[in-house]
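The structure appears right after this line, and notes come after that.
In the numbering used here, the protein residues as written are 20 to 235.
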């Protein structure tokens, strides 16, 4: 958060633990260009923790939450045993989902699509044609396999790459496997015939590593 220190972050975590939650999600703030919040930062009205400070905050959360009985089952999610979020796990396990309502996104039957964003336009479209989809992408088997790999990396337990390749009936280019070998040599992931997962160091770079595997 703006102007937040490591000590303030630790205090917030400790206060949250006093509420005895079953689940906690930990995210860094992302500012979108064009928003007043973004413009205020650019104008120097406040600052955000830099990358090294955010990394230390993340590691602090990992340590404190696991010491207090939480399991980290995804890059940003921690829960008490038995309280993993089933909805989110379905996304990270490459399951299909249907979104309903204005701006809702779906991933179904090999397609990714989204409804129009304006609620009034959504109501009008549904009332007149029964279809409010304004964005549609057909996903090739290779792209589906790559995306399943990228989102699967978010799960701390990892996943079977072989299962994904068999599901979509494809293999990936040698550059993909070379990238996996390079990342494994750097200590950022572990890769075997049965499991692919990020290491503790790799979790800090999960988004960057996913983008790398999507593009190689």
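Where is the CB? At the ideal position from N, CA and C, for every residue including glycine.
Assigned exposure category for residue i - 16 Cβ within 10 Å defines buried
i           : result
residue 159 : exposed
residue 58  : exposed
residue 88  : exposed
residue 61  : exposed
residue 64  : exposed
residue 128 : exposed
residue 130 : exposed
residue 124 : exposed
Beta-bridge partners of residue i, as assigned by DSSP
i           : result
residue 216 : 209
Separation of residue j from residue i, as counted between CA atoms
i           : j           : result
residue 23  : residue 42  : 23 Å
residue 99  : residue 90  : 6 Å
residue 133 : residue 141 : 11 Å
residue 7   : residue 208 : Examination of residue 7 is not possible in this model, given that the chain is present from 20 through 235 alone.
residue 206 : residue 154 : 39 Å
residue 157 : residue 54  : 31 Å
residue 231 : residue 165 : 10 Å
residue 212 : residue 108 : 22 Å
residue 223 : residue 144 : 42 Å
residue 21  : residue 70  : 13 Å
residue 28  : residue 81  : 12 Å
residue 35  : residue 193 : 46 Å
residue 152 : residue 162 : 21 Å
residue 185 : residue 26  : 47 Å
residue 111 : residue 150 : 28 Å
Residue-level contact to chain D via CB, residue i, 8 Å cutoff
i          : result
residue 60 : In the displayed structure, chain D is absent; only one protein chain is listed.
Cβ separation of residue i and residue j, assumed to be a contact under 8 Å, to the nearest whole Å
i           : j           : result
residue 92  : residue 176 : 7 Å
residue 178 : residue 171 : 4 Å
Exercise for the section: Could you pull out every unbroken beta strand (DSSP E) segment of at least 3 residues lying fully inside the segment 53-110, listed in chain order? Expected result: 90-93, 96-98
Problem - alpha helix (DSSP H) runs contained entirely in the segment 126-180, provided each spans 4 or more residues - result: DSSP assignment within the segment 126-180 yields the following whole alpha helix (DSSP H) runs of 4 residues or more, N-terminal first: 138-147, 160-171.
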